[in-house]
Amino acid sequence: MLRQSPPAFFTVKKTTPETKTDRGYLAGHCRQAFCYYRVMNSALFSAPNMQALAATCRPAAQWLSHMSPDISPLLAAMGKNSHGMTDLQLPDGRYLFDAAPPAVCYGKWIPDSAHRKDSGPAADRHNLARSATVVIGCNVGYGLVHLIDNTPDTHKILLLEPDAAMLALCLSQSDFSPFIRSGKLTVLPPDRTVVHDIIRRLDVQYLFGSIHLRADLPSQQISPLYAEWANIVHGMMDSFGLEMLTLRKVQDTMVSNELANFRTALRNGSLNPLENMLRGLPALIVGAGPSLESNGPVIAPHTADAVITTSLQALPACRKAGIKPHFCLAIDWGEVMTAVYNRLDNEWAADIPLIYSTKTRHEVVARYPGPALPLWTVGGLATFIGGSGDLVLEAGSNVNVAIVRLLYWAGVRRFTLLGQDLGWKGDRSHASGHHATMLRSHQAARDIDGNPIRTDNKFLAAARELEQDFRIHTDIEAYNIYGGGLPIHGAANITAQDALDNNLLQARGASLDKLRLALQQAMIPCNQPAWEPREEQWRSSLRHVQRRLEKLLRKAARNHDDITATLRQVHAFLRQDPLYLPYLYNEIMDIAGMGLGRLRYGPADLKAFKDIVRRVLHKVRHMDSVLCTPAHDSCVPVSAASSASGGSVRPQAQTL
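Using full-length UniProt numbering, the first residue of the sequence shown is number 1, and each one after it goes up by one.
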C-alpha cells in the first residue's frame, strides 16, 4: 500500500486536473495542517523531476549532475517525528519539525492580502497571480508544496537549495515536474551569477505585484549555508529593487539622453582601442569621500606610473587634493551633474579626457572643456548597435563600479581605491569640492572596527557590486586606502603609506604611453548609420489591435481569455525590435502588467491601452527622426537584414 488515507480531522485541498497533478503521495497535505503520508525510504520521483530540470532549469540540472549527491543516507534518516509526520532526522536525533510543525513554519508564507475578495487596484497590487516568491531551502518539501498548492499558476516560485543532497532528496519525494516544465517553479543552483540573472527577470512581478523572500527556518538547522544565502539573496533583491525603481523612473530620460547624444557620440569615436591595452599598469581610482582630503596629498606625489581615474563630479575634489587624473568618467543621467561646472577649473581640466555614458545629459557633455569619448552601456541603444567586438559595459549603480569594470576590460588587474568611503564622516559624505558634500538620508552600518557608521542604499549597492566583481575576477588585486566608512570586502584595507611602501602604484613592465596612444586612436570618428523607419507600420498595426480590443472589452467577462491573449500579442509586438526596445521599456512593462494575473477587465483598461499606444507612437516617431534620418552625407544606410558595426541583425517589422 503506497499511501494511507488522511485522518478525518484533516481537510485535504482539492485540485483540478488541468492545473494540479498528484503531488507524489502528498495526499496528506492540507490547508489547516501539513502532513506526508508516503512510503518512507523511497525516491519515486527523482527521474521525472530531473528530466524536467534538464529541460527548463539547465544550470540547476548541471550543478546537480556535477555534484552527484548520494541521498541514500538521507533516505535512511527519514522517519516519523513527534507530530507523527514524515520528517528528516538530524545527526543529534532531533527531527527538523520537532520544534514546530509545518503549519507553524509556513502558515505566514502566503500574504494575508492574497485572501482578499475585492478586485480593485489595491487588491491587484497584492494579487499573488502577479507576484513571485524566492525560497531559500526546501528540506523535504513541505514549504514548497504549500506555496504550489496555495498560489495561482502565474505566481512564480524560485527555489535556491544550497545543499545538493537536500535538493535531490526533496525532488525524490514529490512530483514537481509539471510546475517545473510550466515555469511556475524554477530551481536555482547556489551560483551568485545565475541567481542574480534570474532575479532580474522578475521585473514585471516587482512592478505590478510583490517579490517575497522566504528563508526556510527548519533548513537552517542543517547548515549555516541557508542563512548565508538568505543574506546574499536579500542583498541582491535590494539592489534589484533600486535598479527597478531607477529604470521605471528614469529609463525614458536615460534613453532620451542617449538619442540626443547619438550622432555626437559616433563622431567622438569609440573606446575599442583601449581593450587589453593597459595590462601591467596599476590603477588608482579616486573617489570623493571625506578621507580624500587627508590621504590624497600623501599619494599625489607618487603616482607617475599609475592610471589615475575618477568621476567627473569628483574632479574639483581631486584638484584640491593635488591629483590630476588621466581621464574621468560620467555615467549619471540627471541634471544635477551640471552643478560640477560651478566648481570645475576649466583650464586645469582641458587636457583630461571625459569618458561619458551615452545616457548622460547632453548639456553635461557639451559643456565639458576637454576631449570627450562615448561609453555605450547595457540597456541602451548599443545593446543592438554594438558589434561582437564593441564594448557595451554593464556600468552598475555607481560611477566607481563602472570605472573598475572599464579598467578591467582594458587590462588592469591591480586596483588601489582612494577616497572610497561610501559613508559619512561626521556630517559629510564627500570631500569638499564635490557638489554632494552634505547628504542627509542614511542607513546604519559598521566600519572595519565594528563601530556604527552612516551610509545609504546607493553606497551599499555600490559596495556589493564592487565586492561581487572582486570575488568573480580572481585575478584582481584590490586595495582600499581606508579612511573610515563602509568596508569593501575583497579589497585589502591599507593606509596611504602602506600603498607607497608596497609599491602598489608602480607599473610592471608597462608604460603609460600605451594609454595615451589608445586614447588618441579612440578619438577617430565612427560611421554614421541610418536605419529604416518603423512609425507607419507600427501605427497601422497598433490601431488595428486597438479596434479589436475595443470590441472584446464590450463583453469583457466572456472575452477574458481573448483579451489576455491579445495583450500578450501586443507585448511580443513591442519587444520585436531590439533597436527600439530600450526606449519602450515602460510601455512594454505597462502592457505586461495589464495582462498578468488579471481576474477581470473593464472600460478603464481600454483607456489605459490607448494611452500606452499614444506614448509608443510618440516614441517611435522620435526614434525614427534620430536613427533613420541621415545626419550628413557620410551616413551609411542600414537595411533590416544588417546592422551597424557588425551588431545584431535587425528583424523584419512584424504586424499584429
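By construction, the Cβ of each residue, glycine as well, lies at the ideal position given by its N, Cα and C atoms.
- For A339, no alpha helix (DSSP H) segment is defined, and its DSSP state is neither H nor E.
- Between A283 and F415, the C-beta spacing is below 7 Å.
- Contact check between the stretch 553-573 and the stretch 287-306: fewer than three CB pairs, one atom from each, fall below 8 Å, which does not count as touching.
- By the criterion of a C-beta distance shorter than 8 Å, E465 is surrounded in its chain by S239, G396, S397, N398, V401, once the five residues flanking it on both sides are discounted.
- Runs of the alpha helix (DSSP H) lying entirely within the stretch 184-222, each at least 4 residues long, are 192-199, 203-208 in chain order.
- Taking C-beta atoms under 8 Å as the contact rule, L278 and G411 qualify, at a distance of about 4 Å.
- About 28 Å separates the beta carbons of A350 and G380, which is beyond the 8 Å limit, so they are not a contact pair.
- When rounded, the separation of the alpha-carbon atoms in G509 and L281 is 8 Å.
- The C-alpha of M78 lies about 38 Å from the C-alpha of G597.
- Contact check for N268 against L171 fails: the beta carbons are separated by 7 Å or more.
- For N493, the three-state secondary structure derived from DSSP is strand.
- Put simply, the stretch 591-609 touches the stretch 124-143. At least three CB pairs are less than 8 Å apart.
- By the neighbour-count criterion, in which 16 or more other beta carbons inside 10 Å mark a residue as buried, S357 falls on the buried side.
- Taking C-beta separations shorter than 6 Å and ignoring five residues to either side along the sequence, the partners of T377 in its chain run S357, L393, A395, following chain order.
- A residue is called buried when at least 16 other Cβ atoms come within 10 angstroms of its Cβ; P374 meets this threshold and is buried.
- Beyond the five residues adjoining it in sequence on each side, A61 comes within less than 6 Å, by CB distance, of L53, A54 in the same chain, given in chain order.
- Distance from the Cα of L486 is smallest, within the candidate group V194, R454, H83, T338, for R454.
- Under the DSSP assignment, T566 falls in the alpha helix (DSSP H) whose first and last residues are 560-574.
- With respect to the 7 Å criterion, A461 and L242 are classified as neighbours on the basis of their beta carbons.
- For N480, the enclosing beta strand (DSSP E) starts and ends at 477-481.
- Counting the other CB atoms within 10 Å of its CB gives H571 a total of 16 or more, which places it among the buried residues.
- Annotation: the continuous alpha helix (DSSP H) that includes S294 extends over 292-299.
- Classified as exposed, T495 has fewer than 16 neighbouring CB atoms from the shown chains inside 10 Å of its CB.
- Under the three-pair Cβ rule at 8 Å, the stretch 540-548 does not count as touching the stretch 328-341.
- Its chain contains C170, Q173, S174 as the residues whose beta carbon lies nearer than 6 Å to that of G141, once the 5 sequence neighbours on both sides are disregarded; these appear in chain order.
- Collapsing the DSSP output to three states places V412 in coil.
- Rounded to the nearest angstrom, the Cβ distance from L271 to L354 is 12 Å, too far for a contact under 8 Å.
- Put simply, the backbone Cα of G484 is about 7 Å away from that of S291.
- In this structure, DSSP gives D149 a helical state, which the three-state scheme calls helix.
- D87 sits buried, since 16 or more C-beta atoms from the chains shown fall within 10 Å of its C-beta.
- When the five nearest sequence neighbours on each side are left out, the beta carbons in the same chain lying within less than 8 Å of the beta carbon of K324 are those of I308, C318, W348, I352, in order along the chain.
- T629 and A530 do touch by the CB rule: their CB atoms are close to 7 Å apart, below 8 Å.
- Y479 and D498 have their C-alpha atoms spaced approximately 10 Å apart.
- Relative to V204, the option among I612, A592, V135 whose CA is nearest is A592.
- F327: member of the beta strand (DSSP E) spanning 327-330, first to last residue.
- With contacts defined as CB atoms closer than 7 Å, T56 and R201 fail to qualify as a contacting pair.
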